[in-house]
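Sequential numbering of the sequence shown, starting at 10, is according to the numbering used here.
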Amino acid sequence: MLDEHPRSEPLVALQVDLFNARGSMPQTLAEVMARQKDIQHSSRTRMNTDACAARLNLRQSLVDLLDRLPPEMREEPGVASLCAHMKHEPVDIVHLIYRYKPYELDSKDYEFSRITVLEHWEAGARDMRNTLAHPELLRTQTQASGVTTFDLTEPGEARIRRPMRTIASGGLPSTKAR
């Protein structure tokens, strides 16, 4: 979806994840199996999101670099076409990550009984209400370009990953959170 969105419009995407990469150290073998599934499944989601964000941020870095060219070079048809194709409005990805209950077992990746699905829906609705209750967190952190990811439902402080610093701003490309 991130690759298909028109680059001329800002995008806010909601990423729903049933598995949480962060969690406490397991104490039993059953907890080890449950954590393994959390990490395995959430890592795949995060890997895909991070790869897409890195591509979009790299595109923006190239635009920033092209913007440093003298005006006469930027007006050349090839350079102008490249700039127009590469530029994109900011993309904000809001993570809604299910925080499992202590009583859930290692069967959570295939246990979708009616009661379990209802619990997941309620947790998702609660996370969405919490996110929508604090739109200022999104507005104050939104970047002028690039991809920013938000996890606003984490108990305590919001987790925000901003775009990498661009070459044009004097930084080296990096995808690490700041």
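Think of the CB as a built atom: it goes at the ideal place given N, C-alpha and C, for glycine as much as any other residue.
According to DSSP, residues forming a beta bridge with residue i
i	result
A22	I102
D160	R168
Neighbourhood of residue i by C-beta, 6 Å cutoff - its chain only, sequence neighbours within 5 removed
i	result
I106	D26, N29
T54	D26
K96	V72
A62	V156
Neighbourhood of residue i by C-beta, 7 Å cutoff - its chain only, sequence neighbours within 5 removed
i	result
S17	E98
Exposure label - residue i; buried when at least 16 CB within 10 Å
i	result
L23	exposed
T37	exposed
Q69	buried
A134	exposed
S51	buried
V126	exposed
D136	buried
D47	buried
R187	Reliability fails at R187, whose pLDDT of 36 lies under 50, so the model's placement of it is uncertain and the value that follows must be treated cautiously. Exposed is the call here.
H94	exposed
DSSP-derived helix/strand/coil call for residue i
i	result
S183	Note that S183 scores a pLDDT of 41, beneath 50, so its modelled location is shaky; the value from the coordinates is reported in the next line. Note: S183 maps to coil in three-state DSSP.
H143	coil
P35	coil
N29	coil
H97	coil
R16	coil
E120	coil
G87	helix
P79	coil
G155	coil
K46	helix
R53	helix
R108	coil
E128	helix
E40	helix
Cutoff 8 Å; reference residue i; Cβ partners in own chain excluding five residues on either side
i	result
R83	L75, D76, A89, C92
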